[in-house]
Every structure is written in C-alpha cells, then in structure tokens.
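> My questions will all concern the structure given below.
Chains as they are written, first to last, in our numbering: chain G, 129 to 457; chain W, 129 to 457; chain V, 129 to 457; chain H, 129 to 457.
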C-alpha cells in the first residue's frame with residue numbers, strides 16, 4: 129500500500145488506519161510538503177513512524193494499491209500514473225466521482241484525465257459493493273454525499289422523493305489542514321455556526337447524480353454549515369414524499385435496506401455525531417411528520433472516517449477480498 | 129422594575145441588563161431557589177450585587193413593571209398577581225404567547241389564567257411595536273420564533289410562502305440552567321450536534337400562529353438541533369415560493385421591511401452566530417436558489433439576548449417611552 | 129468479569145473496554161441507577177448491549193474479577209463482598225489507595241472496611257507491576273496521581289526532589305456524570321478555565337504517600353484546574369532539585385525508567401492531551417530550565433483512560449497473565 | 129485617534145473600543161493587509177464601518193494619539209514617525225516594554241529605535257498611573273505580564289517573594305490572527321491543552337524587570353499553556369514567601385493595594401476567565417496554603433481586553449484626562 133498525499137487530514141488518517149491494519153502493509157507515504165519528516169511528528173496521535181517522501185514513479189513498483197489524497201485536479205495525473213504502474217487506485221479527490229464530464233468541468237474546471245472517467249467506480253460501499261470488489265479505480269465519495277445518500281437511498285429506490293431539503297452541519301476538519309484562516313482559526317469558529325457556499329456546494333451535483341442512478345432525478349436543495357467541533361457531520365433531510373407512507377412502512381424500508389449492514393446503525397433516537405466519532409459507523413434515524421406529511425431522515429457520520437478515510441479502508445478490504453470490517457472495529 | 133425568577137439564565141440576564149440600564153431602576157429580584165444569595169455570586173459575569181428574595185405581593189407595591197422569568201404554567205399566576213398590583217408585566221414564559229387556548233393546552237397542559245389571554249400582546253418588537261408601547265401584558269416570544277419570524281415575515285406579508293422548512297441550531301444555554309444532564313453536560317455536548325424533539329417542538333405552533341397573522345397560514349416544518357456552543361442560534365429557512373421572484377425583488381422586500389430597524393442587519397454574506405453574540409442584533413441573509421427555485425433565508429441571533437432577555441428590554445424601552453436602543457448598544 | 133457501577137463515566141468505559149477485549153468475557157454490569165436499561169442506550173458510543181442490573185451477591189458466583197466503580201465509601205462494602213465470594217477485585221474508588229488509615233479518614237471520613245487496607249496494592253502499573261500481578265485487591269490510582277507520579281517517579285527515586293509545584297489541568301469528564309451544575313454545565317465551562325479545591329485536593333495525600341514510598345518525603349503543592357475539554361489531563365511539574373543536574377542526565381533518568389514501557393512515550397516536544405486522547409498512553413516531556421535551575425516535567429494522559437479505566441484493564445491484563453497491552457492498542 | 133495595524137486581533141479591538149467611546153473620535157485605521165476593506169467586513173462583531181488605509185505620514189497631521197498595533201520591530205519606526213508628527217503614542221508591541229536594551233536584543237533582536245527607550249512609560253495602569261497620565265510614549269504591557277504583575281505586585285512591594293512559579297493558561301486568540309496552523313487551527317486546538325515555549329517565553333524578562341522595579345529581584349519560573357478557548361487568560365502563581373504570613377495579613381495586603389481600583393476585583397472564590405470575558409476587569413484570589421507554607425495567587429483577565437486593547441483605552445483615558453473607566457463599563 130502507498131498513500132500519496134499523507135500530510136493532509138484525509139491522507140494521514142488513511143495512513144494511520146492502514147498502518148494498524150492487520151492485513152495490509154503500508155510501505156510508502158508521500159507528500160507535497162513536509163518531505164523528510166515523520167508522520168508521527170506531524171500527527172502525534174496517529175503514531176505512524178514512516179517518513180514522508182516525495183512521490184516518484186519507482187515507488188509504485190510492486191505496490192498493490194495506491195491511495196491518492198490530493199486536491200481535485202492534482203489527483204488525476206497521479207491516479208493515471210499509478211494505474212499505469214499496475215496498481216489499483218483509490219482516489220479521495222473529486223476527480224472521478226462524477227461520471228458526467230460536463231458537470232465535472234462546470235464545478236471543478238478542466239479535467240486532467242477524462243479518458244479514465246469510464247472505468248471509475250463510485251466508492252459508496254453500501255451502494256456499490258459488487259463493482260468496488262473488482263474495480264481498478266475507486267472514486268471515494270465526498271463526505272456530505274456519503275451521509276446524504278445513505279440517508280436517502282431507501283427512499284430514492286422506492287420512488288418516494290418528490291422534493292428534498294438537505295441541511296448539513298460539519299466540523300472544522302472538513303475544511304482541511306490549510307484552508308483560509310476564516311474557516312479554521314479557533315477564534316473564528318469557536319462559539320460560531322454559519323452556512324457556507326450558499327446554494328452552490330460542489331457536493332450537490334454528486335448527490336444528484338447518485339440519486340438519479342437510484343431512480344430519483346430531481347434538483348436537490350443542499351446547504352452546508354460549519355459547526356464548532358473538530359470531527360463530525362450531521363445531515364438533516366426533509367423529504368416531501370410522492371405518496372403517503374406510514375411510520376411502519378418507513379421503518380420497514382430502512383430495515384430492509386440496512387439491517388445486515390455492518391456499519392449502518394438504525395437508531396431508536398435522533399443521532400448525534402459524538403456517537404459515531406472516530407468510527408466507520410453511519411447512524412440513521414427516520415420519521416414521518418404527521419403534521420406536515422414530510423419524511424425526516426437524519427444521518428450522523430464522522431466526516432474524516434466514514435466520510436473519507438475509513439470508508440476508503442472499507443473499500444480496500446472489499447477490493448482485496450478481506451472481511452469488510454477488518455481493521456475498522 | 130422587579131424581576132421574578134432571576135436565578136435562571138433568562139431572568140439573570142434581564143436583571144443584568146436592567147441593572148446597567150441608564151433609565152430603569154432595578155429594585156427587586158426574586159427567585160424560587162438561591163434565596164438570600166447575591167446574584168453576582170450566582171452569575172459573577174453580571175456583577176449585580178442585589179440579593180435574591182422570595183417573592184411576595186408586598187414587593188410589587190409601586191413597581192412600574194414586573195418581568196416574570198418562570199417556566200410556563202408557573203408564570204401565569206405571578207403575572208396575574210403583578211397585573212392586579214398595578215404593574216405592567218413582561219412575561220418570558222410561553223403562557224401568553226399563543227392566543228388560541230386550545231393550542232396552548234395541547235402543547236403545555238391546562239392554562240392557569242386563560243382570562244388574561246385576550247389582553248396579552250406578542251412581544252416581537254419589529255412586528256408589534258405599536259401594541260407593545262401601550263400594552264399591560266407582553267408575552268415575550270420564544271427564541272426560535274424570534275429568529276424564524278424575523279426571517280420569514282417579509283415573505284409571509286408578500287404572500288410568498290407556499291411551503292417552508294426551518295432547520296434551527298442552538299447553543300446549550302437554550303436548554304436552561306437545570307435541564308437534564310444529557311442536554312447540558314459538557315461531556316455530552318462537546319464535539320456533538322444532534323436534532324431534538326423531532327417533529328414536535330413547542331415553538332412550532334407559536335411560529336405558525338404568527339405567520340398566519342401575517343397572512344401565511346400553513347403547516348410549518350420546524351426542527352431544532354443542539355450545537356456545541358453556549359449562546360447563539362441560527363435558523364436556516366428553505367421556502368418554496370408561491371410565485372417566481374428574482375434576487376433584486378427579494379432584496380427589495382427585505383430592505384423595505386428592515387432598512388430602518390435599529391437591530392436588524394441585512395448582511396452581505398451568510399451570518400454566523402458569533403457576529404451577534406451578546407447583542408440584540410438579528411443578522412439576516414436572503415438568497416434565491418436558481419437551481420431549485422427555492423428562497424433561502426438565514427437568521428442569526430443570540431438566543432439569550434435578542435431571543436429572550438435583551439428583546440425584553442427592547443420592549444420595556446418601548447413601553448416606557450424611551451428610545452428603543454437605550455441600554456442595548 | 130463483572131463491573132459494578134457501570135453507569136458512571138469510569139464504569140461505563142471499563143465495561144466498553146472489557147466488552148471489546150479479546151481475552152476477557154464481560155458477564156454482568158450493574159448500576160445503582162438506570163437498572164433495566166441497556167448500556168448502549170446510556171452510552172451509545174460504547175455499543176455495549178448488556179442490560180444494567182441491580183447488584184446482588186449471587187451474580188458474583190464464578191466471577192474471576194469484579195471491577196468496582198462506585199464513589200468512595202460506597203465502594204468498600206462491595207469490594208469486601210466480592211472478595212468474600214472469591215473474586216479478585218479492582219477498585220476504582222479512593223477507598224484503598226491510601227495505606228494510612230488516619231490520612232484516609234481525614235480526607236474521606238470513616239473507612240467502612242479498614243481491615244482490608246493491608247492487602248490492597250496500589251495499581252499504578254508502571255510502579256507496582258509485580259505486586260499487581262498477584263494481588264487480590266487492586267486500588268486503581270486517581271487520575272491526577274497517575275500523571276503526577278509517572279512524571280515525578282524518576283526524580284523521586286534519584287532523590288532529586290527538594291520541592292515541587294504540580295499545576296494540573298483536566299477536562300470536564302473528571303467531575304463525573306452527576307456533579308453539580310457549576311462544574312459540568314456547558315454554559316459554565318465553555319470558554320472558561322478555573323482553579324478548584326484550592327490548597328485542598330484529595331489527590332494530594334495520595335501523591336505524597338506514593339512519592340514517599342519512592343524516597344521523596346515532602347509536602348507537595350498540588351493545584352487542579354478545570355479546562356474546557358471533555359477528556360484529557362495535563363500536569364505541569366516544577367521541581368526544585370536537591371542538586372544540579374544537566375539535560376543529558378535528566379534525559380538518561382527518564383530513558384532508563386521508561387524506554388521499555390509500552391504505554392509511556394518520551395516526547396521530543398511538549399505534549400498535548402489531544403495526542404493521548406482515548407488511549408492508555410502517558411506522554412512525557414522533561415527539561416532543565418537553566419534560568420531558574422528548576423526541572424520541568426509535563427505529563428499528558430486521558431483522565432478517563434490511563435487516568436482511570438484503561439489503566440484498570442492494563443492491571444487486569446497483568447492479574448490474569450495476559451500481555452499488558454492486550455485490548456489496549 | 130489613529131490605529132495603525134487595525135487588521136490584527138489587538139488593533140481591531142482597540143479600533144472597536146475607540147469607535148464606541150463617548151469621548152474619543154477614531155479618525156483613521158490603517159493596516160498592512162486588507163487595505164480598502166471595511167473593518168466591519170473583517171470583524172463583523174465590531175461593527176466599525178471605517179475603511180482600512182495604507183499608513184502615510186500625512187494621516188498623522190493633527191492626530192492627538194496614535195495606537196500602534198504592529199509586531200515587535202515593525203512597530204518602533206512607526207512609533208518614531210508618530211512621535212515626530214506630534215502625536216502621543218500608545219504602542220501595543222514589545223518594542224518599548226523593556227527598559228534594558230541588552231535584554232530586548234537578547235529576546236527580540238536588534239532594536240530599531242533604541243534612542244526612544246528612555247521616554248517610554250510601561251503602561252500597566254494600576255502600577256504606573258501617574259507617569260502614564262503625562263507620557264508621550266506608552267508601552268502597553270504584554271498580556272501575561274499584566275495578569276502576573278497584578279497578581280504579584282502586593283507581594284513584591286512587601287518583600288515577600290523568595291521564589292515564584294507562574295503557570296499561565298491562555299486562549300487561542302493570544303497566538304494572533306496569522307499564527308502557524310498548529311497553534312490556531314480548530315482541529316489542533318479543540319480538545320487540547322499544551323505547554324509552549326518551555327523555559328523561554330519573551331514575557332518572562334518583562335515580568336522580571338517590573339518585579340525588580342517593585343523590589344523583587346529574582347529569576348522567575350514562567351510557563352505558558354494554550355487552552356481550548358478563544359479569549360481568556362489565567363495565571364496561577366505559587367510563591368515561596370520570604371517570611372511566614374497569615375491569611376488575614378495576606379488579605380490586608382491585597383485590600384490595601386486594590387480596594388479602590390475600578391478594574392481589580394478581589395474575588396471570594398477562585399476566578400474563572402469566563403467571569404472577565406470581554407471586560408477590562410482583572411479578578412484576583414489569594415490564599416495561604418498551610419500545608420506547604422506557600423502563597424497562592426490566581427488572576428483572570430481577558431487577554432485581548434485587559435491583557436491588550438481595553439488596557440490601552442484605560443491608558444488613553446488617563447492620558448487625556450478622562451475618567452479611567454470611560455467607555456469601558
């Protein structure tokens with residue numbers, strides 16, 4: 129295993145999870161900054177004693193899988209290089225999440241490697257388990273789409289979504305390690321909560337494309353908020369249903385979809401992000417509101433774990449034939 | 129001035145604001161606990177050296193106004209006693225917020241003093257300024273209705289609201305001083321965010337009744353969340369409009385409604401609760417989402433200040449003919 | 129394994145650690161409140177599906193070890209009962225930490241079972257590993273003594289401590305689940321930091337007794353502070369040395385003492401509590417201050433983990449002949 | 129009034145305090161970044177509608193006082209320019225705090241304007257009130273020295289300090305707006321507390337020089353810690369006294385020193401920083417520890433207010449003959 133971009137929050141956590149994993153061997157970690165430093169000095173909590181190196185093609189020889197944790201546009205060329213070297217690739221960026229090139233370019237600019245889009249599999253484990261197992265290139269989902277799609281998939285498949293408002297709240301780690309001071313400085317974010325990217329978040333087309341694939345083609349109202357916590361993400365979904373549905377039916381839909389899932393918890397009470405902190409769990413709660421006729425679904429995940437890095441390991445487990453929960457419980 | 133119930137968060141803050149007020153004289157503070165202690169020992173930040181007493185009728189003699197900060201049902205009899213003594217009354221509880229008795233009793237149980245409902249004026253300053261000035265009994269609004277109604281009033285008056293989802297986030301002080309451990313203990317609320325009272329919050333009928341009075345009779349989707357901050361409240365409103373409206377028209381609606389308001393700020397960027405912390409300001413931001421056709425309105429207030437106690441003082445200023453901003457800037 | 133008092137913070141965490149432990153079987157959890165509820169409903173993060181029962185003597189039959197997580201004075205009788213039933217006992221309370229009865233009674237009141245004091249072993253793993261392995265009764269250390277003694281033991285053994293100031297900072301979980309509102313309510317503790325029990329903390333005699341056993345008999349200046357975080361404890365020790373010592377010698381003292389310890393980390397930079405959060409690690413940093421001639425030692429632990437519950441499991445591993453790190457890495 | 133460097137935390141707060149001040153007129157704010165932006169867009173909470181300009185000599189014409197909020201070394205030339213233009217100057221940097229040039233250069237490097245050192249007055253209001261009133265150049269104290277010196281001055285003057293350990297804790301705003309990510313990113317500082325600059329903080333010589341001026345020449349043990357809060361600073365002082373002193377005498381010392389001070393509060397219980405948040409108050413608590421014979425003194429301030437910007441305004445009030453509390457209560 130090789131992690132490219134191990135000095136950011138997502139890459140460092142993948143490196144940690146692979147380092148302590150009972151089946152995988154983490155051989156190389158590279159970064160675009162901090163070359164020569166040990167990861168445990170950058171992230172003492174993770175206790176990974178490997179040194180950050182500069183990535184070159186030779187390091188990819190004999191590597192079974194490369195995890196690419198670069199920003200969008202920077203990721204694609206490295207993904208291409210790794211695929212050429214024979215490695216399977218799990219990409220944490222947005223470069224291969226959208227199957228529609230035009231949509232990608234509208235939101236992210238020119239795509240460096242559009243010829244690879246066809247072979248990418250969208251890595252939301254619970255939705256695409258079979259294709260993930262055999263894929264050469266996995267596009268790991270965004271954190272918001274992970275929670276939103278797990279919340280909405282049973283309703284989308286049942287043709288129940290006429291309209292939906294998704295109000296999402298996330299901790300500061302979601303902004304990354306080097307984001308602008310306004311979104312990460314403790315003195316700005318403590319005792320604060322605010323909406324950002326009003327009406328224009330890049331995760332919206334990703335949610336819409338996946339919902340459409342599940343049978344629900346619609347314009348989604350998605351709004352993100354920054355909350356004063358480090359890790360954690362809650363999505364609150366307000367669904368106007370296409371037809372009336374009672375609580376027992378709603379419950380059955382979610383039980384049918386998720387009862388056997390090792391990392392989905394159907395909670396008896398509304399979930400809090402603290403309950404899934406530093407785990408790969410997604411905790412769900414669905415209810416009918418008799419007053420308005422709407423369906424309410426809440427999903428809590430850890431944006432860095434199930435929303436990013438531990439879901440990557442869940443996918444790697446599948447790709448290499450291990451139990452999906454290996455190294456994650 | 130007399131504050132009954134000065135030992136809770138809301139009553140203590142009213143006492144502080146009146147104590148430092150240039151025009152009012154705070155004479156008596158009473159409490160149902162901590163009798164004999166000085167308020168500055170319970171709330172050192174507020175530096176109010178008065179002693180908490182047990183309330184009796186004699187204390188009301190010659191009092192121009194009584195502020196009642198008791199829980200619902202406990203408040204009404206004290207309100208009645210104060211009115212009988214000749215004082216004007218500002219009630220912070222829910223007892224006189226709903227004009228419809230049946231709705232009150234559905235949510236709060238039997239009403240101790242239904243005969244007083246008729247004379248109560250709903251104390252959302254910006255909506256009912258004239259009646260407040262002359263009222264004998266003011267029902268100070270709930271914190272969520274304050275933010276939600278300020279956000280939605282211009283749309284309601286314009287007949288624009290076909291449907292609305294209100295997703296609200298609030299700090300821990302909103303749960304009060306003596307709430308159950310799960311909602312206030314630092315070790316439960318730190319690094320957490322979660323929905324509560326799913327589909328059944330008592331502030332919903334209050335919002336609905338006031339919206340109806342503004343011309344928008346509809347079933348409102350209202351959902352509250354607890355966020356890890358002490359003071360602050362953000363409401364995110366997603367409105368399905370009855371007709372198309374462009375950004376310029378939306379802007380005009382809000383400018384017309386609020387340009388002259390001393391405590392409403394129309395922000396150029398999405399508001400954060402930190403920007404209104406410990407102020408009487410409500411900071412608003414409205415936008416059209418061209419993708420979905422919905423209107424988005426965000427309102428940030430301090431739940432203890434504009435959401436409760438400083439709005440009470442704003443109302444008292446009006447009631448006694450002072451400048452509305454006196455003691456609040 | 130049986131955990132008595134599993135509904136408090138410490139007991140619940142022990143239950144969780146034993147539940148997921150590869151060698152131990154957690155059979156029974158009891159509590160003095162919440163009987164009949166499942167632990168996973170009280171502490172969703174811990175995902176322990178066992179039901180809380182009321183403790184009776186019969187439950188102790190065939191139990192290899194009982195972990196008692198009651199408050200002081202309440203713990204001792206249960207400890208006695210468990211010992212009589214043939215179980216080995218690990219007590220998390222203060223009841224058997226002090227070998228001197230008079231000191232105990234000065235700080236905690238009458239001792240319910242003084243006859244058991246003799247057989248108790250002080251469970252600071254790194255200091256008493258051999259006695260712990262064979263003991264019938266372990267008194268698990270207080271959280272502050274754990275960090276302070278690990279920080280100071282090498283200096284105490286070397287006869288280097290002429291005087292010491294210990295300034296300790298701890299998160300809110302240290303106050304327990306049911307403490308008074310002032311020390312745990314989010315709205316009091318957020319954005320706050322303050323000293324408590326000035327000059328009179330019960331952990332001081334515990335530190336002094338253990339330091340004396342290591343050869344350093346002195347009156348210790350110990351001061352605790354509450355900091356706005358949930359889990360974590362930092363002790364900053366300022367030692368006036370009995371003789372001059374250079375940095376190389378200081379370094380050698382700590383390396384000799386701890387280089388082989390699986391849970392002690394000698395850090396290259398001053399430690400933060402975040403680096404040991406939810407681990408059994410103690411992270412240490414020692415330095416000579418040439419300006420004042422004092423020795424500075426900083427120790428960071430998680431007060432609920434190494435400071436309480438994971439150290440309990442470390443001791444149980446030793447008591448039952450397993451690798452000390454089993455279930456803790 | 130002119131504020132140079134209004135875009136940093138300290139300068140912005142001074143600008144806010146002067147903007148709302150009843151006696152002063154804030155005419156110009158300048159910055160080395162964000163030129164052309166309005167301060168209320170950078171700091172919405174402060175609601176100062178002035179535009180940030182680039183500083184030039186012409187702006188100083190007719191200015192009664194210039195407040196310089198630049199980093200050390202950058203401040204001194206601007207101070208010199210302002211003095212030449214005839215303005216009185218209050219400097220928030222360290223450039224004129226140390227009267228000893230050699231000490232300055234040891235900690236801060238070459239001094240740009242050593243010839244001005246002689247005329248600078250150290251602006252700890254409570255210690256140097258008379259000189260401040262007439263000074264042309266005020267060196268506003270560092271935040272740690274402010275709290276430490278207010279805590280220790282009565283003991284220093286009484287010749288009581290044989291030795292002292294000062295353990296200080298401060299919020300993240302103390303690191304400034306543009307500090308390195310490790311000390312300000314929410315995801316590093318939340319749920320963390322750690323010591324920094326072990327044995328080598330620049331505020332130590334400042335404390336020592338001022339203590340010496342009060343009669344206590346000694347090497348001070350000073351250690352700073354970063355705590356997870358935005359504003360607030362607590363210093364815990366452990367004094368080994370030169371002679372025995374009883375609680376009544378200690379109390380008398382502090383009462384004599386501070387009973388008449390408008391901004392010093394002698395608290396009946398140990399102070400928390402929340403109690404002085406966003407105020408100019410310093411809250412003090414002193415105690416004798418009979419067990420060790422040491423004297424304990426705790427001081428809480430808001431590092432940005434009394435520790436920096438509101439103390440600046442307190443000094444400006446004195447310099448211009450206004451009541452010391454003007455604009456600060």
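Ideal placement from N, C-alpha and C gives every residue a C-beta, glycine not left out.
For residue 266 of chain V, does the three-state DSSP call read helix, strand or coil?
Three-state result, residue 266 of chain V: strand.
> Run the CB neighbour count on residue 329 of chain H, radius 10 Å, all protein chains shown included, and call it buried at 16 or more, exposed below.
Residue 329 of chain H comes out buried.
> Closer than 9 Å, Cβ to any Cβ of chain G: which residues of the segment 401-417 of chain V, in chain order?
Answer in chain order: 402, 403, 404, 405, 406, 407, 409 and 411.
> Measure the alpha-carbon distance for residue 351 of chain H versus residue 419 of chain V and round it to whole angstroms.
For residue 351 of chain H and residue 419 of chain V, the distance between alpha carbons rounds to 12 Å.
> For residue 434 of chain W, does the three-state DSSP call read helix, strand or coil?
Looking at residue 434 of chain W - three-state DSSP - the assignment turns out to be helix.
> Go to residue 324 of chain G, then tell me how far its beta strand (DSSP E) extends in each direction, as first and last residue.
322-324 is the span of the beta strand (DSSP E), which, as asked, contains residue 324 of chain G.
> Taking a Cβ distance cut-off of 7 Å, strictly less, list which residues of the segment 294-305 of chain H are near chain V, in chain order.
Against chain V - using a Cβ distance shorter than 7 Å - the residues of the segment 294-305 of chain H are 295 and 297.
> So which residues of chain W does residue 430 of chain V contact, with C-beta pairs closer than 9 Å?
Within chain W, no residue comes near residue 430 of chain V; the closest Cβ sits about 12 Å away, beyond 9 Å.
> Based on the DSSP secondary-structure assignment, which residues constitute the bridge partners of residue 250 of chain V?
Bridge partners of residue 250 of chain V: V/267.
> Starting from residue 193 of chain W, follow the alpha helix (DSSP H) in both directions and report where the run begins and ends.
Taken as a continuous stretch (DSSP letters only), residue 193 of chain W belongs to no alpha helix (DSSP H), being part of the beta strand (DSSP E) at 193-196.
> From the DSSP output, read off the bridge partner residues of residue 218 of chain H.
In the DSSP output, where bridge partners are listed per residue, residue 218 of chain H has H/195 and H/266.
> Against chain G, which members of the segment 313-334 of chain H pass a CB distance test of less than 8 Å?
Hits within the stretch, in order: 313, 314, 315, 317, 318 and 319.
> What are the partner residues of residue 131 of chain W, as DSSP defines its beta bridges?
In DSSP, residue 131 of chain W forms a bridge with W/157 and W/195.
> Consider the Cβ of residue 184 of chain G: report whether some Cβ of chain H lies at a distance smaller than 8 Å.
With 8 Å as the cut-off, residue 184 of chain G does not count as an interface residue toward chain H.
> Is the separation between the beta-carbon of residue 231 of chain W and that of residue 403 of chain W shorter than 8 Å?
Result no, Cβ atoms of residue 231 of chain W and residue 403 of chain W do not sit closer than 8 Å.
> In chain order, which alpha helix (DSSP H) runs of at least 4 residues are fully inside the segment 337-425 of chain H?
Taking only runs of at least 4 residues, the alpha helix (DSSP H) segments lying wholly in the segment 337-425 of chain H are 375-386.
> Contact criterion: CB-CB distance below 8 Å. Does residue 219 of chain G meet it with respect to chain H?
Closer than 8 Å: no.
> What does residue 355 of chain G touch in chain W if you count any residue whose Cβ is under 8 Å from its own?
The answer, in chain order, is 297, 321, 355 and 356.
> Could you have a look at residue 163 of chain G and say whether DSSP puts it in helix, strand or coil?
Note: residue 163 of chain G maps to coil in three-state DSSP.
> Measuring from the CB of residue 161 of chain V, is there a heavy atom of the ligand GTP at a distance below 7 Å?
The ligand GTP is not part of this structure, which contains no ligands at all.
> Pick out whichever of W/148, W/275, W/355 and W/443 has its Cα sitting closest to the Cα of residue 425 of chain W.
Nearest C-alpha to residue 425 of chain W: W/275.
> Out of curiosity, what's the CA-to-CA distance linking residue 396 of chain H and residue 268 of chain W?
C-alpha separation (whole angstroms): 36 Å.
> Which one of W/169, W/199 and W/211 has the shortest CA to CA distance from residue 188 of chain W?
Taking only the C-alpha atoms, the option nearest residue 188 of chain W is W/211.
> When the Cα atoms are used, what is the spatial distance from residue 339 of chain V to residue 284 of chain V?
Between residue 339 of chain V and residue 284 of chain V, the C-alpha separation is close to 6 Å.
> Can you pull the chain V neighbours of residue 360 of chain H, defined as C-beta to C-beta under 9 Å?
Going along chain V in sequence order, the residues near residue 360 of chain H (Cβ under 9 Å) are 319, 320 and 321.
> Are the C-beta atoms of residue 173 of chain V and some chain G residue less than 8 Å apart?
Taking Cβ atoms only, chain G reaches closer than 8 Å to residue 173 of chain V, which makes this a yes.
> Among V/412, V/408, V/414 and V/144, which residue has its Cα nearest to the Cα of residue 443 of chain V?
Ranking the options by Cα distance to residue 443 of chain V, first place goes to V/408.
> If you draw a straight line from the alpha carbon of residue 208 of chain G to that of residue 348 of chain W, how long is it in whole angstroms?
Their Cα atoms are separated by approximately 50 Å.
> Just confirm the distance between the C-beta atoms of residue 154 of chain H and residue 129 of chain H, as a whole number of angstroms; I'd bet it's less than 8 Å.
5 Å between Cβ atoms; contact.
> Taking C-alpha atoms, which residue in H/298, H/341 and H/225 lies nearest to residue 280 of chain H?
Per the Cα distances, H/341.
> Less than 8 Å separating the beta-carbons of residue 273 of chain G and residue 335 of chain G?
In this structure, residue 335 of chain G lies closer than 8 Å to residue 273 of chain G by Cβ.
> With DSSP collapsed to three states, give me the class of residue 200 of chain W.
Coil at residue 200 of chain W, not helix or strand.
> Just checking my contact of residue 445 of chain H with residue 299 of chain H at CB under 8 Å: how many whole Å lie between their CB atoms?
26 Å between Cβ atoms; not a contact.
> If you pair each beta-carbon of the segment 215-226 of chain W with each one of the segment 193-207 of chain W, do three or more pairs fall below 8 Å?
Yes: at least three Cβ pairs fall under 8 Å.
> Would you say residue 161 of chain W and residue 132 of chain W are within 8 Å of each other, going by their C-beta atoms?
No. Outside cutoff.
> Given 8 Å as the limit, is there contact between the segment 256-270 of chain H and the segment 447-454 of chain H, that is, 3 or more CB pairs closer than that?
Contact holds: three or more Cβ-Cβ distances are below 8 Å.
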